[in-house]
Amino acid sequence: YMPNGKVIGISKIPRIVDVFARRLQVQERLTTQIAETLMEHLNPQGVGVVIEARHLCMMMRGVEKQNTVVTTSALLGIFRENQATRDEFMHLIKAQRFV
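47 is the number that my numbering gives to position 57 of the sequence shown; each next residue is one higher, with no gaps.
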């Protein structure tokens, strides 16, 4: 997220993720709920959330695709409205794949 005065400790973000991830959930809704919660409670300039996940249902049943990764994203505020900010965010996300 891009702060707008209010900042939270980095350890709070995984806690927010856990609150929503513990529920019977679909990845698209999880991604949106995390972004909207940060936006609502912190009132930042913007929020970007990207989730990459391997789904057990795809690995163990049906199509049995062991290495399939599903990626979802939610971009709010400056991350949606400003192309340069969005591009920088996506570039940083892509760079993390090679670390």
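Built from N, CA and C at the ideal position, the CB exists for glycine as well.
Asked: Rounded straight-line distance, which links the Cα of residue 15 to that of residue 30; Found: 20 angstroms
Asked: Three-way DSSP call (helix, strand, coil) for residue 82 in this model; Found: helix
Asked: Residue closest to residue 72, alpha-carbon to alpha-carbon, out of 7, 36, 83; Found: 36
Asked: Residue burial classification, residue 67 (beta-carbon count within 10 angstroms, cutoff 16); Found: buried
Asked: Residue 64 and residue 39 closer than 8 angstroms at C-beta; Found: yes
Asked: Neighbourhood of residue 45 by C-beta distance below 8 angstroms, restricted to the same chain and skipping five residues each side; Found: 17, 58, 60
Asked: Per DSSP, cross-strand counterpart(s) of residue -8; Found: 36
Asked: Residue 60: first and last residue of the uninterrupted alpha helix (DSSP H) it sits in; Found: Counting along the chain, residue 60 falls outside any alpha helix (DSSP H), though it belongs to the beta strand (DSSP E) covering 60 to 67.
Asked: Sequence-distant residues of its chain with Cβ nearer than 6 angstroms to residue 43 (five each side left out); Found: 17, 60
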